[in-house]
Amino acid sequence: MIPERTLARLKNIVGVGNYLDSPEDKIAYSYDGTPLLRQLPEAILIPRSVAHISQILKLANEEKFSVVPRGSGSGLSGGSIPVENSVVLLTNHWNKILEIDRANLTAWVEPGVITGQIHSAVEEVGLFYPPDPGSSTICTIGGNVAENAGGLRGLKYGVTKNYVMGIEVVLPSGEVILTGGKSVKDVAGYNLKDFFVGSEGTLGVFTRILLKLLPKPDTSRTMLVYYDKISDAADSVSDIIASKITPAALEFLDRTTIKCVEEYAHLGLPTSIESLLMIEADGRSSVVDEDIATIRSICARHKALEIRIAVDDEDASKLRSARKVAFSALARVRPTTILEDATVPRSEVARMLDIINRIAASHALLFGNFGHAGDGNLHPTCLTDERDKNEIHRAEKAFDEIFNAAVNLGGTITGEHGTGLAKKQFFEKVAGPAQIDMMRKIKGVIDPNAVLNPGKIFSLSPKCEGTMPRTQEQIKKYLDMGAYS
Ligand SMILES: Cc1cc2nc3c(=O)[nH]c(=O)nc-3n(C[C@H](O)[C@H](O)[C@H](O)COP(=O)(O)OP(=O)(O)OC[C@H]3O[C@@H](n4cnc5c(N)ncnc54)[C@H](O)[C@@H]3O)c2cc1C
Numbered sequence: 000m001i002p003e004r005t006l007a008r009l010k011n012i013v014g015v016g017n018y019l020d021s022p023e024d025k026i027a028y029s030y031d032g033t034p035l036l037r038q039l040p041e042a043i044l045i046p047r048s049v050a051h052i053s054q055i056l057k058l059a060n061e062e063k064f065s066v067v068p069r070g071s072g073s074g075l076s077g078g079s080i081p082v083e084n085s086v087v088l089l090t091n092h093w094n095k096i097l098e099i100d101r102a103n104l105t106a107w108v109e110p111g112v113i114t115g116q117i118h119s120a121v122e123e124v125g126l127f128y129p130p131d132p133g134s135s136t137i138c139t140i141g142g143n144v145a146e147n148a149g150g151l152r153g154l155k156y157g158v159t160k161n162y163v164m165g166i167e168v169v170l171p172s173g174e175v176i177l178t179g180g181k182s183v184k185d186v187a188g189y190n191l192k193d194f195f196v197g198s199e200g201t202l203g204v205f206t207r208i209l210l211k212l213l214p215k216p217d218t219s220r221t222m223l224v225y226y227d228k229i230s231d232a233a234d235s236v237s238d239i240i241a242s243k244i245t246p247a248a249l250e251f252l253d254r255t256t257i258k259c260v261e262e263y264a265h266l267g268l269p270t271s272i273e274s275l276l277m278i279e280a281d282g283r284s285s286v287v288d289e290d291i292a293t294i295r296s297i298c299a300r301h302k303a304l305e306i307r308i309a310v311d312d313e314d315a316s317k318l319r320s321a322r323k324v325a326f327s328a329l330a331r332v333r334p335t336t337i338l339e340d341a342t343v344p345r346s347e348v349a350r351m352l353d354i355i356n357r358i359a360a361s362h363a364l365l366f367g368n369f370g371h372a373g374d375g376n377l378h379p380t381c382l383t384d385e386r387d388k389n390e391i392h393r394a395e396k397a398f399d400e401i402f403n404a405a406v407n408l409g410g411t412i413t414g415e416h417g418t419g420l421a422k423k424q425f426f427e428k429v430a431g432p433a434q435i436d437m438m439r440k441i442k443g444v445i446d447p448n449a450v451l452n453p454g455k456i457f458s459l460s461p462k463c464e465g466t467m468p469r470t471q472e473q474i475k476k477y478l479d480m481g482a483y484s
């Protein structure tokens with residue numbers, strides 16, 4: 000418990016109106032988008048200045064409590080879930096686009112700006128911010144930088160780290176640094192900027208972010224392709240890439256997901272097919288037309304049942320929504336939705352999907368699969384019910400096997416959602432002791448009192464063993480072992 004006098008000092012720093020501690024507020028900030036993980040914070044802070052954040056972190060070092068940064072709380076690995084003895088530090092109210100610099104193709108933004116609002120604002124002046132997470136209408140750019148978020152355009156345009164040019168960071172000590180800047184080339188010193196991208200709120204709090212922008216592509220075209228067999232869809236993906244076309248999006252849905260999407264969004268999708276691809280090409284119109292024609296003939300060669308090409312922008316957004324609503328559509332089926340992001344080299348996508356389906360069947364579980372076929376980032380999604388302990392236990396075992404299979408195929412346990420709390424057990428296993436030890440040392444130097452989001456990504460001491468801490472009982476066990484302290 001954080002002592003009352005310390006909480007009073009925190010209230011004093013941010014001001015009474017920016018300090019929340021009612022039971023309802025604590026519950027509201029006790030979870031994020033990750034199922035089965037919850038922990039109440041002791042208070043929620045709404046800092047109004049960089050100085051506030053700095054003072055809060057200095058006090059945390061003095062009084063030894065933890066601070067958990069939080070954007071929109073849409074994370075899927077438990078990054079913004081409070082740890083024991085912690086306060087939640089919100090940055091989602093810092094939501095201004097400070098500057099769009101058309102000469103340098105950059106934008107300074109506050110960390111709480113919603114990613115989709117950055118898309119709209121820069122597109123209005125003919126520019127383009129490519130990273131496009133499925134959650135773009137709700138997630139913040141601060142959360143994206145902390146998770147190094149990917150999304151639908153990752154195949155052609157890369158992920159968040161490819162677009163961060165500078166960050167203002169409040170370090171765990173309370174000191175403030177500005178790393179990076181508008182210079183396209185800058186090799187002075189260690190590359191601290193990239194070090195913070197993907198740090199999952201454990202190494203610093205971002206208060207301003209400088210983004211790289213691109214000229215907006217002249218045009219884009221969207222298509223849906225239906226298949227009877229997943230292997231035909233996978234062969235089409237391989238051939239599209241081999242033909243040296245890089246679509247802006249190359250996404251797939253399996254049969255369960257297609258059925259759920261149709262029941263939810265009524266897009267006219269056939270529910271008897273095994274798989275569909277959502278493909279988008281963008282760039283100069285003559286090139287896009289050529290690419291679409293080539294993609295069309297590749298898909299036809301691989302026994303596509305039907306190819307639907309959008310006729311206008313409205314139609315394109317309808318076709319795109321078949322993929323965009325996948326998570327929401329699956330989440331309606333059962334009370335608990337465990338969405339993961341096991342990732343494999345793209346040549347292994349069909350094999351991995353086959354393995355996932357076999358694992359799901361062997362544990363008698365319902366899975367929907369969708370994801371980024373073009374970059375091998377899959378989202379096996381278990382539709383379950385957290386009240387059924389036996390089913391949750393089977394789901395844990397299934398994901399354990401899925402992650403092992405992904406790693407054995409040369410892949411990884413997370414392509415874009417981060418490690419957080421949900422996957423630290425797996426990460427510790429696949430990264431091995433030397434890497435984890437190095438990360439612990441880095442964390443120890445930057446945050447010697449472990450005040451900032453401790454116990455995320457890896458345990459601070461090598462005490463956590465066993466499987467993923469999904470249930471409250473497991474979390475309690477790990478807390479009792481001092482794993483998060
Ligand atoms: C429907 C749905 C679809 C999704 N699709 C995608 C997708 O396609 N691609 C993808 O990558 N992710 C996806 N996600 C996951 C999630 O939206 C991303 O991880 C996103 O980046 C989280 O942003 P947030 O603002 O919600 O951050 P939060 O969940 O609040 O926090 C995430 C992490 O960032 C840290 N953090 C937040 N703000 C700051 C800050 N100012 N300074 C330092 N650290 C900070 C937190 O401590 C935490 O560790 C999806 C989630 C949902 C629910």
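The opening position of the sequence shown corresponds to residue 0 in numbering that gives the first Met the number 0, with each subsequent residue numbered one higher. For every residue, glycine included, the Cβ atom is placed at its ideal position computed from N, Cα and C.
Hey, how far is the Cα of residue i from the Cα of residue j?
{"i": "residue 174", "j": "residue 39", "result": "28 Å"}
{"i": "residue 296", "j": "residue 374", "result": "21 Å"}
{"i": "residue 435", "j": "residue 425", "result": "12 Å"}
{"i": "residue 192", "j": "residue 163", "result": "8 Å"}
{"i": "residue 56", "j": "residue 136", "result": "30 Å"}
{"i": "residue 274", "j": "residue 302", "result": "12 Å"}
{"i": "residue 241", "j": "residue 379", "result": "26 Å"}
{"i": "residue 328", "j": "residue 263", "result": "6 Å"}
{"i": "residue 194", "j": "residue 64", "result": "24 Å"}
{"i": "residue 77", "j": "residue 419", "result": "5 Å"}
{"i": "residue 290", "j": "residue 407", "result": "34 Å"}
{"i": "residue 397", "j": "residue 411", "result": "16 Å"}
{"i": "residue 70", "j": "residue 300", "result": "45 Å"}
{"i": "residue 438", "j": "residue 54", "result": "26 Å"}
{"i": "residue 363", "j": "residue 405", "result": "20 Å"}
{"i": "residue 463", "j": "residue 317", "result": "With a pLDDT of 42 at residue 463, under the threshold of 50, the modelled position of that residue is not reliable, and no figure is offered here."}
{"i": "residue 335", "j": "residue 288", "result": "42 Å"}
{"i": "residue 17", "j": "residue 266", "result": "44 Å"}
State the DSSP-derived secondary structure class of residue i, mapped to helix, strand or coil.
{"i": "residue 294", "result": "helix"}
{"i": "residue 466", "result": "Because residue 466 sits at a pLDDT of 38, beneath the cut-off of 50, its placement in the model cannot be relied upon, and the following sentence gives the value as read from the coordinates. Of the three classes helix, strand and coil, the one that applies to residue 466 here is coil, per DSSP."}
{"i": "residue 235", "result": "helix"}
{"i": "residue 138", "result": "coil"}
{"i": "residue 477", "result": "Bear in mind that a pLDDT of 45 at residue 477, under 50, signals an unreliable position, so the model cannot answer this."}
{"i": "residue 115", "result": "helix"}
{"i": "residue 344", "result": "coil"}
{"i": "residue 121", "result": "helix"}
{"i": "residue 385", "result": "coil"}
{"i": "residue 5", "result": "helix"}
{"i": "residue 308", "result": "strand"}
{"i": "residue 221", "result": "strand"}
{"i": "residue 265", "result": "coil"}
{"i": "residue 69", "result": "strand"}
Does the Cβ-Cβ distance between residue i and residue j come in under 9 Å?
{"i": "residue 248", "j": "residue 322", "result": "yes"}
{"i": "residue 235", "j": "residue 276", "result": "yes"}
{"i": "residue 369", "j": "residue 250", "result": "yes"}
{"i": "residue 351", "j": "residue 278", "result": "no"}
{"i": "residue 365", "j": "residue 324", "result": "no"}
{"i": "residue 177", "j": "residue 105", "result": "no"}
{"i": "residue 233", "j": "residue 121", "result": "no"}
{"i": "residue 111", "j": "residue 93", "result": "yes"}
{"i": "residue 294", "j": "residue 239", "result": "yes"}
{"i": "residue 140", "j": "residue 208", "result": "yes"}
{"i": "residue 341", "j": "residue 413", "result": "yes"}
Take residue i as the anchor and find which of the options has the nearest alpha-carbon.
{"i": "residue 68", "options": "265, 171, 288 and 279", "result": "171"}
{"i": "residue 48", "options": "91, 161, 410 and 78", "result": "91"}
{"i": "residue 87", "options": "106, 94, 190 and 200", "result": "200"}
{"i": "residue 344", "options": "151, 336 and 376", "result": "376"}
{"i": "residue 115", "options": "352, 347 and 150", "result": "150"}
{"i": "residue 60", "options": "19, 309, 156 and 1", "result": "1"}
{"i": "residue 282", "options": "308, 245 and 6", "result": "245"}
{"i": "residue 129", "options": "161, 252 and 100", "result": "161"}
{"i": "residue 25", "options": "12, 14, 46 and 82", "result": "82"}
{"i": "residue 11", "options": "458, 453, 52 and 433", "result": "52"}
{"i": "residue 66", "options": "409, 186, 446 and 184", "result": "446"}
{"i": "residue 309", "options": "153, 224 and 460", "result": "224"}
{"i": "residue 107", "options": "144, 165 and 148", "result": "165"}
{"i": "residue 50", "options": "167, 338, 433 and 454", "result": "167"}
{"i": "residue 286", "options": "218, 154, 15 and 101", "result": "218"}
{"i": "residue 371", "options": "388, 152, 395 and 182", "result": "152"}
Is it true that the stretch 117 to 127 meets the stretch 197 to 216, where meeting means three or more beta-carbon pairs spaced less than 8 Å apart? The answer is yes - the stretch 197 to 216 touches the stretch 117 to 127, with three or more Cβ pairs under 8 Å.
Any 3 or more C-beta pairs closer than 8 Å across the stretch 305 to 317 and the stretch 203 to 210: Segments in contact, no.
The stretch 383 to 402 contacting the stretch 256 to 270, beta-carbon criterion three pairs below 8 Å: With a cut-off of 8 Å, the stretch 256 to 270 and the stretch 383 to 402 do not count as touching, because too few Cβ pairs lie within range.
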